[in-house]
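Counting with UniProt numbering, you get residues 1 to 72 for the letters of the sequence shown. To start, the structure under review is shown below, and the notes come after it.
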Amino acid sequence: MRNKEKESTQDKLEENGQAAYNIIKAWIKNIPITIEDIKANGTKEDLHNYQIQIKMVLDKLEDIVKDMKTSD
């Protein structure tokens, strides 16, 4: 029974990981469009803040990759 629970938990983790990956992938694809929109309709501060958000996400992704490599 515990083996099934372990598999179920692992399946959920994989599903959640795939969902997170798909969300990030969609967000990344929209970055150029969003930047153009901010340039056309926003302020320099809006653009700067968005660029900071992008940097924070990329930094976090790098941290995740490092953690995954060390956990193997």
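Every residue, glycine too, gets a C-beta built ideally from N, C-alpha and C. Since this is a predicted model, take the numbers as computed values, not measurements.
**Message:** Tell me the DSSP secondary structure of residue 83 in three-state form.
**Reply:** Here the chain has residues from 1 to 72 only, and residue 83 is not among them.
**Asked** With contact counted as at least three CB pairs below 8 Å, one residue from each stretch, are the stretch 34–46 and the stretch 10–18 in contact?
**Response** Not touching, per the Cβ criterion.
**CB contact flag (I31, I54, <8 Å)** = By 1-based counting over the sequence shown, the position of residue 31 is 31. By 1-based counting over the sequence shown, the position of residue 54 is 54. For I31 and I54, yes; Cβs fall inside 8 Å.
**Asked** Would DSSP call N16 helix, strand or coil?
**Response** As a position in the sequence shown, residue 16 is number 16, starting the count at 1. Looking at N16 - three-state DSSP - the assignment turns out to be helix.
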